[in-house]
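Asker:
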Amino acid sequence: MTEGPQRVDADLDRWSAPLPAGSGRLQLDPLLLPVLVLNRVFQPIRITTARRALILLYSGTAQVLDGEGELHDFAPWRRLPVRAGQDDPLPIVGGQLRVPRMVRLRRYARCWRATVRLSRRNVLLRDGYQCQYCAGFFAAPELDMDHVLPRSRGGATSWTNLVTACQSCNRSKGRRTPGEAGTPLLRHPVAPRWSHSVQLLTGAPGRYAEWEPFLQAG
Ligand SMILES: [Zn+2]
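Letter by letter, the sequence shown follows residues 10 to 227 in my numbering.
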């Protein structure tokens with residue numbers, strides 16, 4: 010993909026890798042669980058992995074923000090018990106650590122909004138692994154990225170001109186527009202918004218309630 014300058018958040022990409030359509034929260038290595046990173050003034054700036062968040066925490070670069078709005082340094086956080094059915098446990102020497110869900114950077118005050126990188130994988134995620142022509146659901150290897158207005162006719166490689174298509178629909182559409190091919194689009198393609206991206210990357214049903222106030226504010 011050689012589309013113009015796009016902010017790349019490597020963590021987002023790492024996240025999107027194993028997510029099948031409609032799976033909700035994944036059973037993953039707890040170190041790969043998503044953590045919302047807030048800047049010093051509590052604005053959301055990105056999603057990272059628990060592994061990275063724990064490094065930020067351990068080094069003193071960040072503090073955990075819990076669901077009650079309390080900030081914790083690593084040492085006191087480490088002593089908090091893992092609540093059954095509520096926290097994600099990370100096994101550590103001598104017990105379990107409560108996997109943080111939000112961290113707040115101590116010094117990073119800049120506000121920037123992560124954008125979702127335009128890639129085949131992220132287009133498939135946006136469309137929920139659903140062919141936008143026949144509405145069928147497919148595994149990733151069976152899906153293509155289709156230029157709605159074909160490239161040969163000046164169609165851009167952009168969020169608004171790329172959709173997920175199964176190989177059969179992609180072949181039969183060929184170098185035609187959906188109108189010419191008689192295959193209307195299921196949904197008009199749009200660039201994911203930040204809050205939408207959070208849903209995409211974590212599975213909409215599994216998004217943490219603790220994140221809500223910060224995503225709405227952001
Ligand atoms: Zn199809």
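Every residue gets a Cβ at the ideal spot worked out from N, C-alpha and C, and that includes glycine. Quick caveat, the model's predicted, so the values are computed rather than measured.
1) In the DSSP assignment, find the beta strand (DSSP E) that holds ARG55 and state where it starts and stops.
2) Decide yes or no for the touch test of the region 129-140 against the region 64-81: beta carbon pairs closer than 8 Å, at least 3 of them.
3) Any idea what DSSP makes of SER32, helix, strand or coil?
4) Which whole-angstrom value is the C-beta distance of VAL112 and ALA62, which I expect to be below 8 Å?
5) Which whole-angstrom value is the C-beta distance of ALA200 and THR169, which I expect to be below 8 Å?
6) Please name the residue, chosen from VAL46, PRO198, GLY78, SER68, that lies closest to ARG135 on a Cα-to-Cα basis.
7) Give the DSSP-derived three-state secondary structure of ALA71 in the structure shown.
8) For ASP96, which of LEU195, ARG116, ALA165, LEU42 has the nearest alpha-carbon?
9) Of all the options PRO90, GLY103, ARG196, VAL108, which has the alpha carbon lying nearest to the alpha carbon of ILE64?
10) Per DSSP, what are the beta-bridge partners of CYS175 in this structure?
11) Name the DSSP beta bridge partners of GLY188, please?
12) Checking 9 Å against the spacing of the C-beta atoms, do THR166 and ASP155 come in under that value?
13) Any idea what DSSP makes of PRO98, helix, strand or coil?
14) Go ahead and label ALA59 buried or exposed: buried means 16 or more other beta carbons lie within 10 angstroms of its beta carbon, across all protein chains shown.
Answerer: Taking the coordinates as given:
1) Here residue 55 is taken as the residue at index 46 of the sequence shown, counted from 1. That run of the beta strand (DSSP E) goes 53-58.
2) A contact between stretches requires three or more CB pairs, one per stretch, nearer than 8 Å, and the region 129-140 fails this requirement with the region 64-81.
3) As a first step, residue 32 is located in the sequence shown; it is residue number 23 there, counting from the start. With a pLDDT of 41 at SER32, under the threshold of 50, the modelled position of this residue cannot be trusted; read the value that follows with caution. Secondary structure of SER32 (DSSP, three-state): coil.
4) Here residue 112 is taken as the residue at index 103 of the sequence shown, counted from 1. Here residue 62 is taken as the residue at index 53 of the sequence shown, counted from 1. Right, their Cβ atoms sit about 5 Å apart.
5) Reading the sequence shown from its first residue, position 191 is the one you call residue 200. Reading the sequence shown from its first residue, position 160 is the one you call residue 169. Contact between ALA200 and THR169 holds: CB atoms are separated by about 7 Å, below the 8 Å threshold.
6) Within the sequence shown, numbered from 1, the residue matching residue 135 stands at position 126. Nearest option by C-alpha distance: PRO198.
7) Residue 71 sits at position 62 when you count from the first residue of the sequence shown. Looking at ALA71 - three-state DSSP - the assignment turns out to be strand.
8) What you label residue 96 is simply residue 87 of the sequence shown in a count that begins at 1. It is LEU42.
9) The residue you call residue 64 lines up with position 55 of the sequence shown. Cα-wise, what sits closest to ILE64 is VAL108.
10) In the sequence shown, residue 175 corresponds to position 166, counting from 1. Answer is LEU152.
11) Locating residue 188 in the sequence shown gives position 179, counting from the first residue. In the DSSP output, where bridge partners are listed per residue, GLY188 has none listed.
12) Walking along the sequence shown from the start, residue 166 turns up at place 157. Walking along the sequence shown from the start, residue 155 turns up at place 146. No.
13) Counting from one through the sequence shown, the residue named residue 98 turns up at place 89. In the structure shown, PRO98 sits in a strand (DSSP, three-state: E or B).
14) Walking along the sequence shown from the start, residue 59 turns up at place 50. A residue is called buried when at least 16 other Cβ atoms come within 10 angstroms of its Cβ; ALA59 meets this threshold and is buried.
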